[in-house]
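A.B. asks: Residue numbers (my numbering), protein chains in the order written: chain A, 155 to 512; chain B, 128 to 219.
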Amino acid sequence: MFAPSRHSFAILLKRHALEQGKLVLQSVIGRRGIKPDWTPAIEALRWRALKHQHAPPRALNPEFLPVWDENKGGAPHARAVRVRAAGQEVLLPASFFQTAAAASASDVPGIGALAAPAADHDEDGADGGGVTTWELLAFEQGGAPAMQKKFALENDEPEDVRFHAADIGTLLARSEAVPVPDDEDAGAEHEVDEVFVPRVIAGRILQAAQNAGAVETGGTLLGRLLRDEARGTMAAEVLAYVPAFNAPATLTTLTFTDEHFACVQDTLVREPCADSLIGFAHSHPSSHFCPPSCPPERRALCPRQRAVLSAADLAMIQTVFPRAYSVFLLANMADSGPTLACFGWAGGSVVRRPYRLV
Amino acid sequence: MNTTTLPNTRIKLRDITGARRFSLPLPSDPDTTVGEIIEEVAGELSHTDSTGRGIHYTLRLDDGRKLHRSDSASELAGREATLMPNVDAGAF
Numbered sequence: 155m156f157a158p159s160r161h162s163f164a165i166l167l168k169r170h171a172l173e174q175g176k177l178v179l180q181s182v183i184g185r186r187g188i189k190p191d192w193t194p195a196i197e198a199l200r201w202r203a204l205k206h207q208h209a210p211p212r213a214l215n216p217e218f219l220p221v222w223d224e225n226k227g228g229a230p231h232a233r234a235v236r237v238r239a240a241g242q243e244v245l246l247p248a249s250f251f252q253t254a255a256a257a258s259a260s261d262v263p264g265i266g267a268l269a270a271p272a273a274d275h276d277e278d279g280a281d282g283g284g285v286t287t288w289e290l291l292a293f294e295q296g297g298a299p300a301m302q303k304k305f306a307l308e309n310d311e312p313e314d315v316r317f318h319a320a321d322i323g324t325l326l327a328r329s330e331a332v333p334v335p336d337d338e339d340a341g342a343e344h345e346v347d348e349v350f351v352p353r354v355i356a357g358r359i360l361q362a363a364q365n366a367g368a369v370e371t372g373g374t375l376l377g378r379l380l381r382d383e384a385r386g387t388m389a390a391e392v393l394a395y396v397p398a399f400n401a402p403a404t405l406t407t408l409t410f411t412d413e414h415f416a417c418v419q420d421t422l423v424r425e426p427c428a429d430s431l432i433g434f435a436h437s438h439p440s441s442h443f444c445p446p447s448c449p450p451e452r453r454a455l456c457p458r459q460r461a462v463l464s465a466a467d468l469a470m471i472q473t474v475f476p477r478a479y480s481v482f483l484l485a486n487m488a489d490s491g492p493t494l495a496c497f498g499w500a501g502g503s504v505v506r507r508p509y510r511l512v
Numbered sequence: 128m129n130t131t132t133l134p135n136t137r138i139k140l141r142d143i144t145g146a147r148r149f150s151l152p153l154p155s156d157p158d159t160t161v162g163e164i165i166e167e168v169a170g171e172l173s174h175t176d177s178t179g180r181g182i183h184y185t186l187r188l189d190d191g192r193k194l195h196r197s198d199s200a201s202e203l204a205g206r207e208a209t210l211m212p213n214v215d216a217g218a219f
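#1: At a Cβ threshold of 7 Å, is B/D176 touching chain A?
#2: Alpha carbon to alpha carbon, how far is A/D412 from B/G205? Give it in angstroms, no decimals.
#3: Just to confirm, are A/E294 and A/W201 a CB contact at a threshold of 7 Å?
#4: Which residue from A/V504, A/G264, A/R233 puts its Cα closest to that of A/T473?
#5: CB B/I138 to CB B/L203, shorter than 7 Å?
#6: Where in the region 430–485 of chain A do unbroken runs of the beta strand (DSSP E), each at least 3 residues long, occur, reported from the N-terminal end onward?
#7: Which residues in the same chain as B/I165 place their Cβ atom closer than 6 Å to its Cβ, once the five residues preceding and following it in sequence are excluded?
#8: Three-state secondary structure (DSSP) at A/N365?
#9: What residues in the region 156–174 of chain B have a beta carbon less than 9 Å from any beta carbon of chain A?
#10: Can you list, in chain order, the residues of the region 351–362 of chain A whose Cβ is nearer than 8 Å to any Cβ on chain B?
#11: Given a cut-off of 7 Å on the beta-carbon distance, is the pair A/T407 and B/D215 in contact?
#12: Grab me the residues of A/L219's own chain with a C-beta within less than 6 Å of its C-beta, minus the 5 sequence neighbours each way, in chain order.
#13: Fully enclosed by the region 283–367 of chain A, which alpha helix (DSSP H) runs are 4 residues long or longer?
#14: For A/L376 and A/Q174, what's the separation of their Cα atoms in angstroms?
#15: Please confirm whether A/A257 and A/L268 have their CB atoms less than 7 Å apart.
#16: Tell me the DSSP secondary structure of A/V244 in three-state form.
#17: Please list, in chain order, the chain B residues whose beta carbon lies closer than 8 Å to that of A/S306.
#18: To which residues does DSSP link A/W499 through a beta bridge?
#19: Quick one: is A/C448 buried, meaning 16 or more other Cβ sit within 10 Å of its Cβ, or exposed?
Structure below.
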């Protein structure tokens with residue numbers, strides 16, 4: 155698919171004690187190599203090239219350039235990685251490498267869950283009073299030989315995106331905007347210009363979340379991708395919702411099984427309008443996260459009540475939904491009432507974004 | 128999914144979105160299992176969750192049949208299959 159980076163990437167693991175909400179360094183565990191899955195970054199480059207050049211780029215040969223962290227003395231400490239190809243560029247924040255870091259550290263005994271870089275640390279994130287953090291490192295590797303593969307595996311080009319010509323202006327005129335709260339609008343460059351969600355599907359997602367009570371629920375979003383040549387915009391339109399099938403769920407987890415995805419594949423074949431896997435929806439039963447003993451004024455300010463994707467959600471998105479056009483709906487069942495928030499890719503990050511109810 | 132006829136000596140694999148696609152020759156060792164093929168491909172993509180636990184994948188053939196990890200890789204000869212994940216969303 156593309157040539158390997160001329161840099162190798164690693165993490166530096168550190169163990170901290172948590173004292174009165176502050177991290178105090180206890181020990182440096184050591185350096186571990188990581189093997190990032192660059193697919194979401196490559197997808198963003200392809201999408202942007204498609205948007206500006208109208209033809210899917212072939213045989214991308216991206217550059218992966220560390221952005222050194224001057225606050226930590228520069229190289230080899232990186233705060234981000236710049237990825238360039240086909241005249242496009244995306245900037246991957248250190249948080250992009252969380253899943254690769256967790257994979258790399260999984261066989262280090264006794265470290266528990268890794269805290270995300272720059273994450274807020276509270277007692278919940280502590281493992282026996284300790285927190286393990288990581289920092290991103292990059293090293294010139296000088297043409298290191300690729301790892302030997304057992305089966306001569308070759309990377310092929312991704313399947314082309316299927317677009318439908320559309321008058322997006324008409325869709326905009328007969329839809330209602332659901333904006334992002336002011337404090338969460340960071341001015342991100344969203345890959346998809348517009349996201350359209352039918353009211354009936356939004357209602358089904360929220361109703362299922364209500365009915366599920368203190369356990370998560372969710373499903374997969376199918377639809378199609380629209381292109382308006384006159385406006386120069388591209389949009390994702392949700393047209394169908396497949397509730398998670400045979401999906402074990404708890405207060406804080408929902409498992410999407412291979413049987414569910416088989417059902418999704420079969421639905422895509424049968425469904426006359428939807429031809430693309432757009433993303434997924436799930437709920438957070440947030441009003442059940444806080445103990446009943448917690449006073450209402452404190453619950454109202456609690457971060458657990460907010461509509462945010464978890465580390466598990468973001469890892470699932472990187473793994474299963476790397477396409478630049480993918481969108482994710484979160485039914486947040488908070489004390490203040492249910493809301494349906496939308497998230498999507500913006501470069502190498504998944505951020506909250508506006509959408510439109512049709 | 129691409130329906131181009133493949134020679135019996137090749138295997139094609141894709142993720143459920145078609146963003147990641149792989150091809151490989153049919154392994155010459157007749158004892159090679161589907162599980163070994165999955166392990167090789169999983170190494171090329173995000174194959175753990177946020178806690179570092181491995182994601183369990185299965186393979187589904189283009190005719191809808193699910194292959195078990197213990198099945199012979201020869202079941203994949205000349206076929207295209209999709210990697211089907213078992214993966215958790217979660218609140219924390």
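Idealized CB from N, CA, C, for every residue including glycine.
C.D. replies: With the given structure in hand:
#1: So yes, B/D176 belongs to the interface.
#2: Between the alpha carbons of B/G205 and A/D412 lies a gap of roughly 23 Å.
#3: Not closer than 7 Å, so no.
#4: Per the Cα distances, A/V504.
#5: At a Cβ-Cβ threshold of 7 Å, B/I138 and B/L203 count as neighbours.
#6: Counting whole runs of 3 or more residues, the region 430–485 of chain A contains the beta strand (DSSP E) stretches 430–438.
#7: Counting only Cβ-Cβ distances below 6 Å, and skipping sequence neighbours, we find Y184.
#8: Helix, per DSSP.
#9: Per Cβ criterion, the list reads T159, E163, I164, E166, E167, V168, G170, E171, L172, S173, H174.
#10: Those would be none; no residue qualifies.
#11: For A/T407 and B/D215, yes; Cβs fall inside 7 Å.
#12: Closer than 6 Å at the Cβ level, and outside the excluded window around A/L219, lie R236.
#13: Counting only runs of 4 or more, we get 322–327, 353–366.
#14: If I take the Cα positions, the gap works out to 46 Å.
#15: The Cβ-Cβ distance between A/A257 and A/L268 does not fall below 7 Å.
#16: Residue state, collapsed to three classes: strand.
#17: Note that residue 306 of chain A is Ala in the sequence shown, not Ser. Correct list: L151, P152.
#18: Answer is A/V504, bridged to A/W499.
#19: Around the beta carbon of A/C448, a 10 Å sphere encloses fewer than 16 other beta carbons of the protein chains shown; the residue is thus reported as exposed.
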